[in-house]
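Protein chains in written order, with full-length UniProt numbering: chain A, 1 to 180; chain B, 1 to 180. Here the structure comes first, spelled out in structure tokens, and everything after it is commentary.
There are 2 protein chains.
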Amino acid sequence: MIGIAADLFAKNGYHGTGMAELGQAAGLGRGALYHYIGSKEAVLYAISKEQVDKMNSYAEALFDLGLEPEDLLRQMARGLLRNIAEHRSEWAVFFREHTALTGARRDHVIAARERYESYWRQALDTGVRVGVLRQTPSLLVKGILGMLNYTYLWLDPQGELTPDEVADMFLDALIKGLRL
Amino acid sequence: MIGIAADLFAKNGYHGTGMAELGQAAGLGRGALYHYIGSKEAVLYAISKEQVDKMNSYAEALFDLGLEPEDLLRQMARGLLRNIAEHRSEWAVFFREHTALTGARRDHVIAARERYESYWRQALDTGVRVGVLRQTPSLLVKGILGMLNYTYLWLDPQGELTPDEVADMFLDALIKGLRL
């Protein structure tokens, strides 16, 4: 259901997709649809939170491993691109449409995205502290995440480079530029 | 009119914005609206093509200056971020909604975006040819543009860093990693 809804929202936009279409695609009548999912916004919320929550758990697990900062950054990039390659519609909806969420749902998703950004900043800061990376403005994290996140537009698990190879290529370009 | 429409599309989505709202925001009645702008898709097209066409002209002008490859890349980045900072709604609409275009309009916008990518690739290739940059997979251009383009989400002309400073920071991080 979430995957089908993500495909529809990614294709026609959240505002451009009606509950009737959602129900039809999911093979549910209007009554069943409202019963199971409550509202269109609840579906958008489920789509928006699922992958970013996963990426936060993934980052936390990597931090627990006590990797060197460069390895940590590389593994975070690989994990993100692997996930994006598998869930392109979900990420498209998350990036384009999460601002349509309201109230506590919006707060949760924005907080989750900020937490994910903070893990990247923390990894870069650790690199500075242990003396392997130079100090950089905190806005650089948004640039790195722009580089990684917007692969959802073109990353192809069967493409010329695997998600891991794309992640490595991006980090190869960046890490040298960030070394002390 | 284009600016007003871009703000509306950026806020509510292309599919979520009706001609009636467009007319109201522009202070035009339904008849006048159709007379002046023809269709909602014509407005989306005007929004989508304007800035990318400008960026192509800007890149062509820079190429004509015969700059060193690194300077060329830096100036291209600065030009793009300056433009994005001034036209965030237009870029939001371009990135999120240009796939809603059809026929020749869609073809024009996609070709213009590909031309812009090709200028970046050409600048990187020149750096390789003259022996200052290392050879990189062509997909790197999509990463660099991801880094630059998605500043439309947060770049603030009155923010802690100017668009030029953000561009320089990104290119500082990248160019060292791309040097031979």
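Ideal placement from N, C-alpha and C gives every residue a C-beta, glycine not left out.
- Scanning chain A for C-beta atoms nearer than 7 Å to the C-beta of HIS87/B yields nothing, as the closest lies near 17 Å away.
- Here DSSP, grouped into helix, strand and coil, assigns LEU67/A to coil.
- GLU160/B counts as exposed, since fewer than 16 other C-beta atoms from the protein chains shown sit within 10 angstroms of its C-beta.
- Excluding its 5 nearest sequence neighbours in each direction, LYS54/B has C-beta neighbours in its own chain below 8 Å: ASN83, listed in chain order.
- Cβ-Cβ distances below 6 Å link VAL93/B to ALA6, PHE9, ALA10 and ILE47 in the same chain, with the five nearest sequence neighbours on each side left out; the list follows chain order.
- By the Cβ criterion, the region 18-38 of chain A is not in contact with the region 20-31 of chain B, since fewer than three pairs of Cβ atoms, one from each stretch, lie closer than 8 Å.
- Ranking TYR14/B, SER138/B and GLY131/B by CA distance to the CA of GLU114/B puts SER138/B first.
- Counted as a single uninterrupted DSSP element, the alpha helix (DSSP H) harbouring GLN122/A occupies residues 103-129.
- Those residues of the region 97-122 of chain A placed with their C-beta closer than 9 Å to a C-beta in chain B are GLU97, THR99 and ALA100, ordered along the chain.
- In the DSSP assignment, ALA25/A falls within the unbroken alpha helix (DSSP H) covering 19-26.
- The beta carbon of ASN12/A is closer than 7 Å to none in its chain, skipping five residues each way along the sequence.
- Among the residues of chain A, those whose CB is under 9 Å from the CB of TYR14/B are GLY13, HIS15 and GLY16, following chain order.
- A direct Cα-Cα distance of roughly 19 Å separates LEU72/B from ALA112/B.
- Under the Cβ criterion of 7 Å, PHE170/A is counted among the residues facing chain B.
- Annotation for LEU133/B: PRO69, LEU124, GLY127, LEU178, ARG179 and LEU180 place their beta carbon closer than 7 Å to its own, counting only its chain and skipping 5 residues before and after.
- Inter-residue distance for GLU21/A and THR17/B is about 19 Å (C-alpha atoms, whole angstroms).
- The distance from the Cβ of LEU155/A to that of VAL166/A is about 6 Å, consistent with a contact at the 8 Å cut-off.
- DSSP lists LEU133/B as the beta-bridge partner residues of ARG179/B.
- Proximity of ALA92/A to chain B, defined by a Cβ-Cβ separation below 7 Å, is not satisfied.
- Within the same chain, and ignoring the five residues on either side of LEU80/A in sequence, the residues whose Cβ sits closer than 7 Å to its Cβ are MET55 and LEU148.
- Put simply, the CB of PRO137/B is near chain A, with a gap under 7 Å to one of its CB atoms.
- For the options VAL43/A, VAL141/A, THR151/A and LEU101/A, the alpha carbon positioned closest to that of TRP91/A is the one of THR151/A.
- Of the residues assessed, THR136/B falls on the buried side of the cut-off, its CB having 16 or more other CB atoms within 10 angstroms.
- At a C-beta separation below 7 Å, VAL166/A has these neighbours in chain B: LEU139.
- Distance check between ILE4/B and each of TYR36/B, VAL43/B, GLY38/B and HIS15/B places VAL43/B closest, using alpha-carbon atoms only.
- In the displayed model, PRO157/A falls within coil according to three-state DSSP, outside both helix and strand.
- Of the other Cβ atoms in all chains shown, 16 or more fall within 10 Å of the Cβ of GLN51/B; this residue is therefore buried.
- Annotated three-state conformation of HIS98/B is helix, per DSSP.
- Using a CB distance cut-off of 7 Å, LEU178/A counts as an interface residue toward chain B.
- When DSSP states are grouped into helix, strand and coil, TYR14/A belongs to the coil group.
- Within chain B, the C-beta atoms nearer than 8 Å to that of THR151/A come from LYS142, GLY143 and GLY146, in chain order.
- Non-local beta-carbon contacts of GLY146/A in its own chain, meaning distances under 8 Å to residues more than five positions away in sequence, are absent.
- Contact annotation: PRO157/A and ALA100/A have beta-carbon atoms that are not nearer than 7 Å.
- Boundaries cannot be given for HIS87/A, as no alpha helix (DSSP H) includes it and DSSP labels it neither H nor E.
- Residues of chain B whose Cβ lies closer than 8 Å to the Cβ of LEU174/A are, in chain order, ALA173, LEU174 and GLY177.
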